[in-house]
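Colleague:
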Amino acid sequence: MKAFETLKGDLSSAKDAAAKKAAAHKTFTPEELIERFPFFTDMSPEQREVLLLHFEVATADPGQRIIRAGEAADLVYFISSGQVEVSVGGKKIRLGPGDYFGEMALLSDKPRSAHVTALDYSRFATLSRRDFLHFLRRYPSINEKIAALAAEREQMNREIPAPSAA
Ligand code: CMP
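If you want it as structure tokens, here you go:
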């Protein structure tokens, strides 16, 4: 019973904090999170609320470089609005709401694999490296999906021919 009371207390303070943060930064509600990122469906509403507490909001203006290839990585970005362009080996890939980027370097512990530039006024929910890795350890099924997409992206980049040394 005590543990339940404690959990209820934690949840209600988490809810208060999330409501304040949402009001201040207009980040997602748990429902919006699921609508945009279906892979969060496996989480309970309480777990989603706790995850939301770890999100920070970031914004970018059109043309702004968000990630520079080769740099050390600290954040993963979930796109809530706007569009970005990933640029790798001369190939350009557009990502929009519901997509995410910046996960590869965090998963591989390597430098950033590509440039990412905003095409529009864009908003993101970001997670720190520490929170992202902690989250993936906690939710193996989500970890699998994110790792599978990272592997696909890596494979796609390997297939891009290296510029010839002319
Ligand atoms: P990261 O390497 O941390 O930083 C650059 C990001 O661009 C990378 O993580 C991916 O999220 C994204 N990215 C790299 N290659 C591709 C690709 N082929 N398709 C889509 N996104 C990519």
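Each step along the sequence shown adds one to the number in numbering that gives the first Met the number 0, with nothing skipped, and position 105 is 104.
Every residue, glycine too, gets a C-beta built ideally from N, C-alpha and C.
These figures come from a predicted structure and were not determined experimentally.
1) Assign L118 to one of three DSSP states: helix, strand, or coil.
2) Which partner residues does R93 have in the DSSP bridge list?
3) Give every residue of the same chain whose Cβ lies closer than 7 Å to the Cβ of D130, excluding the five residues on either side of it in the sequence, and list them in chain order.
4) Count the other C-beta atoms from every protein chain shown that fall within 10 angstroms of the C-beta of E4, then say buried if there are 16 or more, exposed otherwise.
5) Closer than 7 Å: is that where the CB of E102 sits relative to any heavy atom of ligand 1?
6) Evaluate P61 with the Cβ neighbour count: other Cβ atoms within 10 Å of its Cβ, from every protein chain shown; 16 or more gives buried, anything less gives exposed.
7) Is the Cβ of E84 closer than 8 Å to any Cβ of chain C?
8) Taking A72 and L105 to be in contact with their CB atoms under 8 Å, please state how far apart those CB atoms are, rounded to whole angstroms.
9) Helix, strand or coil for E55 per DSSP?
10) Going by DSSP in three states, I141 sits in which element: helix, strand or coil?
11) Count the CB pairs spanning the segment 111-123 and the segment 73-82 that are closer than 8 Å, and state whether there are at least three.
12) Are V83 and A113 close, meaning C-beta to C-beta below 8 Å?
13) If you measure from the CB of M155, is any heavy atom of ligand 1 nearer than 7 Å?
14) Could you tell me which residues DSSP puts in a beta bridge with S127?
15) For I159, count the other beta carbons within 10 Å of its own beta carbon; 16 or more makes it buried, fewer makes it exposed. Which is it?
16) Among the residues of its own chain, which have a CB less than 6 Å from the CB of V85, if the five just before and after it don't count?
17) Could you compute how far the alpha carbon of V56 sits from the alpha carbon of E45?
Modeller: Let's see:
1) coil
2) E84
3) H53
4) exposed
5) yes
6) exposed
7) Reference to chain C is not applicable here, since this structure consists of a single protein chain.
8) 5 Å
9) strand
10) helix
11) yes
12) no
13) yes
14) L74
15) exposed
16) I92, A113, V115
17) 20 Å
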